[in-house]
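Protein chains: 2
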Amino acid sequence: MDELEFRPSEVARWLKSGKTLALGLVVPDVTNPFFAAVVKGAESVANGAGYSVVLCNTDESPDREHDVLANIHGRVDGLLLAPARDDAETVESLDALGVPVVLVDRTLPDPGSTDSVLIDNAGGAAAAARHLLDLGHRRIALISGPLDTTPGAERHDSFVATCAEADVNVTVEHGEFRVQGGYQAAMRLFGRADAPTAVLAANNLMTVGLLRALHDLGVRVPDVVSVIGFDDHLLADLIDPPLTVIDRATETQGAVATRMLLARLSEAASGAGRTVRLETNLIVRSSTGPPRGES
Amino acid sequence: MDELEFRPSEVARWLKSGKTLALGLVVPDVTNPFFAAVVKGAESVANGAGYSVVLCNTDESPDREHDVLANIHGRVDGLLLAPARDDAETVESLDALGVPVVLVDRTLPDPGSTDSVLIDNAGGAAAAARHLLDLGHRRIALISGPLDTTPGAERHDSFVATCAEADVNVTVEHGEFRVQGGYQAAMRLFGRADAPTAVLAANNLMTVGLLRALHDLGVRVPDVVSVIGFDDHLLADLIDPPLTVIDRATETQGAVATRMLLARLSEAASGAGRTVRLETNLIVRSSTGPPRGES
DNA sequence: CTGAAAGCGCTTACAG
DNA sequence: CTGAAAGCGCTTACAG
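See the structure below:
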């Protein structure tokens, strides 16, 4: 009897129950090690609770994201989203979906009843700024991500504000959260006469681009310029010199977000959106040091 | 009329059509940059063809894989799978699924009518061996992955055979395809009196572990030991010294596999399973050099 | 050409 | 307590 292994049709059960037992997971770049870790954490929690994960990669493109959110309609009971851009159109797409949403690492304007799991971007960027100021740097630059993303804006604002408290005016170059974005911003920054003696790159991929640019230009770290990267990296302690970074939990962020989404689904909890902030941690290695005494 | 935005129920359509317009994608480790790239390539092709991607991460565990394949039953029209282990039980799980399968990077015993997209593991490992032999190395080691995986076995066999042709007997240490696996194997290898003068690590994560072990032991590269890694890395040219690697297309592998799966779904193509092999490419940087003259 | 009915494969509430 | 029927929301084949 049991050996005939009758398999009930999942699809028929979904139609009857009005649920799909699937969660959407929409990330800007699954090859970014941070988001890969978020995916791992989310998938693990979701599967543990009997949910499948429908993964979409938007390639940091609002257009692709718009398409993806339309296509996912009716496929999932809830959504984990790291939006490509912090804009109102995305909010409309989410409303049209009609399922609970938890925002991961990036939030949206007026998130209403959606939950968010962010990190302490302001604290991390401020710690980086203070570290550089304490070392004696006065010509400080930021390779910033897009200001219409949460990490881009919060890291930018806090880094600039913390330096301003010490009467230091930060030179800012912007780029996409990609290796090329960091590379191009760095080439602009170090093509100038008054190149900075210290720089923060706003995410892991931009840091790779910055390091590649400094390598190509023959600018030595930390002798000529001190470098801090936002986000740790597998090889960060094995590069030359070992990289000072702002670290944070990554898999945990995906796991926490997924638990919040599952809570929304089971409790039928309404209520206002909650925001969780995870800590950051400055890891000082050898890519930061005092500025060359040239004054 | 159109403005009411009536949204037909996807689930009801699936029940009627007998299709879900979803593809399963089961990988051992989504935080491994290689698999992250495979996921990106697969997701892109699948979405372009109107399919969603249900992602599962098995954490290199046959048990988790077994559960995942059971849970995915009835959810997908086809499956992309990089099996945790090359064993017959997995084949049974796949038969039970009853949908077309394309194997990615790792194959199974007697794959029958399933397609595979692999790389030229033998050619890559042989090129690495020849490079080390040409430099004059005679004490050569391999940090090997599990032999019950396709890349583990093929890289091992080819590397050992190519060295044997030059009358060189390779010292082999095995480990999981993880950073820790590479680290522990390297610690065993370099704890010996007759430590090798050259070593190949069988995948990207094991290479990180190897480099960390050499760093911890104070063994200098390439002065004391030459190092080659299988798979390139974002920071491979920025570490000290820049790493010699065996490179290959990664996103492409996921894209090609997905196209093969879509072909099986649309053509109702039966026929024997096809195997595609993608090329590898030895990139010589500075972590390999002649052995120290000590004879 | 248009419109009502049957059926996809379950679950659930109800009649016997 | 058991078993037949209704219904989830579509699509498709058929009757009018």
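Protein sequence lines, in the order shown, are assigned to chains W and B.
Following numbering that gives the first Met the number 0, the numbering of the first sequence begins with 0 at its first residue and continues without gaps.
Following numbering that gives the first Met the number 0, the numbering of the second sequence begins with 0 at its first residue and continues without gaps.
Yeah, the Cβ is synthetic: ideal placement off N, Cα and C, and Gly gets one too.
Because the structure is a prediction, the values reported are computed rather than measured.
- prompt: By the 10 Å Cβ neighbour count, where 16 or more other Cβ atoms means buried, how is Phe229 (chain W) classified, buried or exposed?
  reply: Under this definition Phe229 (chain W) is a buried residue.
- request: Rank B:Leu281, B:Arg291 and B:Pro290 by C-alpha distance to the C-alpha of Gly122 (chain B) and give the top, closest one.
  value: B:Leu281
- request: Kindly say whether His65 (chain W), judged by its beta-carbon, lies nearer than 8 Å to any beta-carbon of chain B.
  value: no
message: Below 7 Å on C-beta distance, what does Arg177 (chain B) contact in chain W?
response: Residues of chain W passing the Cβ test: none, with the nearest at roughly 11 Å.
message: What does the alpha-carbon distance come out to for the pair Arg219 (chain B) and Thr287 (chain B)?
response: 11 Å
task: For the alpha helix (DSSP H) holding Leu260 (chain W), just list the boundary residues, first then last.
output: Glu250 to Glu266
query: Mind pulling the chain B residues with CB within less than 9 Å of Ser43 (chain W)?
result: Identification of chain B residues near Ser43 (chain W) by a Cβ-Cβ cut-off of 9 Å yields Asn56 and Asp58, ordered along the chain.
- request: Using a Cβ cut-off of 9 Å, pull out every chain W residue sitting near Glu9 (chain B), in sequence order please.
  value: Thr19, His72, Gly73 and Arg74
field: Inter-stretch contact (C-beta, 8 Å, three-pair minimum) for the stretch 38–46 of chain B and the stretch 52–59 of chain W
entry: yes
query: Apart from the five residues just before and just after Arg276 (chain B), which ones in its own chain have a Cβ nearer than 6 Å to its Cβ?
result: Leu117 and Asp119
field: Three-state secondary structure assigned by DSSP to Val38 (chain W)
entry: helix
- prompt: Between the stretch 135–147 of chain B and the stretch 155–164 of chain B, do three or more beta carbon pairs fall short of 8 Å?
  reply: Yes, since at least three Cβ pairs between the stretch 135–147 of chain B and the stretch 155–164 of chain B fall closer than 8 Å, the two stretches touch.
- request: Check the Cβ of Asp239 (chain W) against every Cβ in chain B and list those closer than 9 Å, keeping chain order.
  value: Leu237, Ile238, Asp239 and Pro240
message: For Pro61 (chain B) and Asn203 (chain B), I'd like the C-alpha separation in whole angstroms.
response: Cα to Cα, Pro61 (chain B) sits roughly 21 Å from Asn203 (chain B).
field: Residue closest to Asp104 (chain W), alpha-carbon to alpha-carbon, out of W:Leu93, W:Gly111 and W:Ala81
entry: W:Ala81
- prompt: For the stretch 204–238 of chain W, which residues have a beta carbon sitting closer than 9 Å to at least one beta carbon of chain B?
  reply: Leu204, Val207, Leu210, Arg211, His214, His232, Leu233, Leu234, Ala235, Asp236, Leu237 and Ile238
field: Candidates W:Val44, W:Val226 and W:Gly73: closest to Thr251 (chain W) by CA position
entry: W:Val44
- prompt: Are any of the Cβ atoms in chain B nearer than 8 Å to that of Arg6 (chain W)?
  reply: yes
message: Taking its Cβ as the centre, do 16 or more other Cβ atoms sit within 10 Å of Val283 (chain B), making it buried, or is it exposed?
response: That one is exposed.
Under 7 Å from the C-beta of Leu14 (chain W): neighbouring residues of chain B: Val10, Ala11 and Leu14
message: Check for me: the alpha helix (DSSP H) holding Asp86 (chain B) runs from which residue to which?
response: First-last for Asp86 (chain B): undefined, no H or E at that position.
- prompt: Along chain W, which residues have their Cβ under 8 Å away from the Cβ of Pro32 (chain B)?
  reply: Thr30, Pro32 and Ala35
- prompt: Cβ of Ser51 (chain W) less than 8 Å from any chain B Cβ?
  reply: yes
message: If the criterion is Cβ atoms closer than 8 Å, does the pair Leu233 (chain W) and Gly77 (chain W) meet it?
response: no
message: Any heavy atom of the ligand HEM closer than 7 Å to the beta-carbon of Val275 (chain B)?
response: Here there are no bound small molecules, and the ligand HEM is not part of this structure.
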